[in-house]
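**Q** Take the sequence shown: its position 200, counting from 1, is numbered 206 in my numbering, and each next residue is one higher. Backbone N, C-alpha and C fix where the C-beta goes; we use that ideal spot for every residue, glycine too. Since we're looking at a predicted model, the values are computed, not measured. Before I ask anything, here is the structure I am working with.
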Amino acid sequence: MTAEGKTKAVFMNPVRLGGYSFTPDHPFKPERLTRVFDMCRERGLFSGSGIVIDEIDEAEPGILETFHSAEYIDMLKKADSGGEIDIDMIYHGIGTMENPVFRGVYDFSVLSATASVKAARHVAEDSESAFNPCGGFHHAHSSRASGFCYVNDIVLAILELKRLGRKVAYVDIDAHHGDGVQEAFYSDPEVLTISIHESGKTLFPWGGSEKETGSGKGTGFNINIPLETDTDDDIFLLLFRGIIIDAVEAFGPDIIVGQFGTDTFSTDPLTHLRMTNNGYIEAISELHGRFPRIMATGGGGYNMDDVVKGWTLLWAELAGIELGGGYGGALGGVFLGDSSIYGSDLRDMRIVTSGPRKEDMLRDADRKIAWYRENIRPYLD
Ligand SMILES: [Zn+2]
């Protein structure tokens, strides 16, 4: 417990979910969840004061119904045996290459949603922050699976926070546009939704332009920041500070819900950005420094080693554990310890885009920030 009598951070144990498997060649590998848990444990990141591990062992009855249609939930249950695919399933996006039918698809989805809703309750009630590595399924729609996402745990968590009377800002830094979450709250001025992502010109789900600003009363409460291919940490941080931090401060939420996918990294096989985990964790720690109350989820990330490192850094940040930066512990020529204990080996080498391409990107970032100030910011004050 912290001085205020609250838990510092809750880690939703994803190990049970790490045992599921989509299809052998599918890029989404639940195994990464077990590996993140193991790495955090090996580094001693569960042993600080105020840290709690919450088990995800049972699905909460009726948890999907607040967002998903009854027809879609039935379809997902039918797919759970991993058996035959029928035309109705395909109509709902289930049973495609992207969203295959696999044994336990319903259980996996309902447990991941339960974990995010429980994590949200922790942050509303008894903990400063919480992390559900098996969450962040931001593409799922109310009646359709999309982009490896069957159930939208984020929408369910935000709806739960709204029910508890909390004001939420959603910050999505996954390489893909958070279309399912945008759609759910597009006309709702009580939830600020922000997504920074590789442009829809070059990446699924092919939307997420800055002109999508919300509708009706929700106008001005949806912010998209599309990124060009080869965007590096510098450009990302410029936009993160100039738009996201500024917008969240103006909005003044009680709680941040964060989708912290790691598929923006240069090593990711599905995307075309050039970020490293340095820019990733700097952005998150700036946000966390200003807004301690964060319900964090994982999300995309298809280079397994890099996902594991990124989320270990994320958990250390939420738990308030100093990993040390780029320093293995040498003093007077004597090496004092294994660099892995200090975490310096978790950080990537920095990658910087340079030359005329970078100049163009800097100009484009300035233009985006100016556009935001003129067109969005007035709604948030
Ligand atoms: Zn993604």
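Do Gly393 and ligand 1 come close, with the Cβ less than 8 Å from some heavy atom?
**A** This structure does not reach residue 393, given that the chain is present from 7 up to 387, and the question cannot be answered.
**Q** How many angstroms separate the CA atom of Lys83 from the CA atom of Ser148?
**A** The residue given as residue 83 occupies position 77 in the sequence shown. The residue given as residue 148 occupies position 142 in the sequence shown. Rounded to whole angstroms, Lys83 to Ser148 spans 15 Å at the Cα level.
**Q** For His182, is the beta carbon positioned less than 8 Å from some heavy atom of ligand 1?
**A** Looking up residue 182 in the sequence shown gives position 176. Yes - ligand 1 has a heavy atom lying nearer than 8 Å to the Cβ of His182.
**Q** Count the other C-beta atoms from every protein chain shown that fall within 10 angstroms of the C-beta of Met95, then say buried if there are 16 or more, exposed otherwise.
**A** Numbered from its first residue, the sequence shown carries residue 95 at position 89. Per the 10 Å Cβ criterion, buried.
**Q** Does the segment 184 to 204 come close enough to the segment 95 to 107 that 3 or more CB-CB pairs lie under 8 Å?
**A** With a cut-off of 8 Å, the segment 184 to 204 and the segment 95 to 107 do not count as touching, because too few Cβ pairs lie within range.
**Q** Taking Glu218 as the reference, give the member of Asp238, Trp377, Glu61 with the closest Cα.
**A** Position 212 of the sequence shown, counted from the first residue, corresponds to residue 218. For Glu218, the nearest C-alpha among the options comes from Trp377.
**Q** How far does the alpha helix (DSSP H) with Tyr401 in it reach, from first residue to last?
**A** Outside the modelled stretch of the chain, which goes from 7 to 387, sits residue 401, for which no answer is possible.
**Q** Cβ of Thr277 versus every heavy atom of ligand 1: is any distance shorter than 8 Å?
**A** Here residue 277 refers to the residue found at position 271 of the sequence shown. Checking the Cβ of Thr277 against ligand 1 gives yes.
**Q** Going along the chain, which unbroken runs of the beta strand (DSSP E) with 3 or more residues stay wholly within the segment 94 to 156?
**A** Whole beta strand (DSSP E) segments, 3+ residues: 133 to 138.
**Q** Determine the closest residue to Lys315 out of Arg38, Tyr176, Val21, Met18, with distance taken between C-alpha atoms.
**A** Along the sequence shown, one-based indexing puts residue 315 at 309. Out of Arg38, Tyr176, Val21, Met18, Arg38 has the C-alpha closest to the C-alpha of Lys315.
**Q** Could you check whether the Cβ of Gly306 sits closer than 8 Å to any heavy atom belonging to ligand 1?
**A** Taking the sequence shown and counting its residues from 1, the one referred to as residue 306 is at position 300. Yes - ligand 1 has a heavy atom lying nearer than 8 Å to the Cβ of Gly306.
**Q** Closest to Leu245 by C-alpha separation, out of Phe257, Ile231, Ala125, Leu386, would be which residue?
**A** The count along the sequence shown starts at 1 and reaches residue 245 at position 239. If we check each option's Cα against that of Leu245, Ile231 comes out closest.
**Q** Using alpha carbons as the reference points, say which of Cys155, Phe28, Ser55 lies closest to Gly184.
**A** Here residue 184 refers to the residue found at position 178 of the sequence shown. Measuring from the Cα of Gly184, the nearest candidate turns out to be Cys155.
**Q** I want to know whether the segment 226 to 242 touches the segment 156 to 164 - three or more CB-CB distances under 8 Å.
**A** These segments do not touch.
**Q** Per DSSP, what kind of secondary structure is Leu233 in: helix, strand or coil?
**A** Start at 1 with the first residue of the sequence shown, and residue 233 comes out as number 227. Correct three-state label for Leu233: strand.
**Q** Along the chain, where does the alpha helix (DSSP H) that runs through Asp239 open and close?
**A** Position 233 of the sequence shown, counted from the first residue, corresponds to residue 239. First-last of the alpha helix (DSSP H) with Asp239: 239 to 245.
**Q** Given a cut-off of 9 Å, decide if Gly305 and Gly267 are closer than it, judged by their beta-carbon atoms.
**A** Working through the sequence shown from its first residue, we reach residue 267 at position 261. Working through the sequence shown from its first residue, we reach residue 305 at position 299. Cβ atoms of Gly267 and Gly305: closer than 9 Å.
**Q** From Ala132 to Trp212, what does the alpha carbon distance come to, in whole angstroms?
**A** Within the sequence shown, numbered from 1, the residue matching residue 132 stands at position 126. Within the sequence shown, numbered from 1, the residue matching residue 212 stands at position 206. The sequence given here has Asp at residue 132, not Ala. In a straight line, the C-alpha of Asp132 is about 39 Å away from that of Trp212.
**Q** Between the segment 159 to 176 and the segment 273 to 288, are three or more C-beta pairs nearer than 8 Å?
**A** Verdict: no, contact absent.
**Q** Confirm, please, whether the CB-CB distance from Tyr308 to Phe108 is below 9 Å.
**A** In the sequence shown, residue 108 corresponds to position 102, counting from 1. In the sequence shown, residue 308 corresponds to position 302, counting from 1. No. Outside cutoff.
**Q** Since His294 is in the alpha helix (DSSP H), which residue starts that stretch and which ends it?
**A** For the purposes of this step, residue 294 is taken as residue 288 along the sequence shown, with counting starting at 1. Note, His294: alpha helix (DSSP H), 283 to 296.
**Q** Hey, would you say Val129 sits closer than 9 Å to Ala121, going by beta carbons?
**A** One-based indexing of the sequence shown puts residue 129 at position 123. One-based indexing of the sequence shown puts residue 121 at position 115. No, Cβ-Cβ distance for Val129 and Ala121 is not below 9 Å.
**Q** Span of the alpha helix (DSSP H) holding Ile79?
**A** Taking the first residue of the sequence shown as position 1, residue 79 is located at position 73. Where Ile79 is concerned, the enclosing alpha helix (DSSP H) stretches over 76 to 85.
**Q** Could you check what DSSP says for Asp178 in three-state terms: helix, strand or coil?
**A** Within the sequence shown, numbered from 1, the residue matching residue 178 stands at position 172. Three-state DSSP puts Asp178 in a strand.
**Q** What does a CB cutoff of less than 6 Å around Ala126 pick up in its chain, not counting 5 residues either side in sequence?
**A** Your numbering for residue 126 matches position 120 in the sequence shown. Hits under 6 Å: Ala163, Glu166, Leu167, Met301.
**Q** Apart from the five residues on each side of it in sequence, which residues of its chain come closer than 6 Å, Cβ to Cβ, to Arg41?
**A** Along the sequence shown, one-based indexing puts residue 41 at 35. If we look at Arg41 and ignore the five residues flanking it on each side, its Cβ neighbours are Val314.
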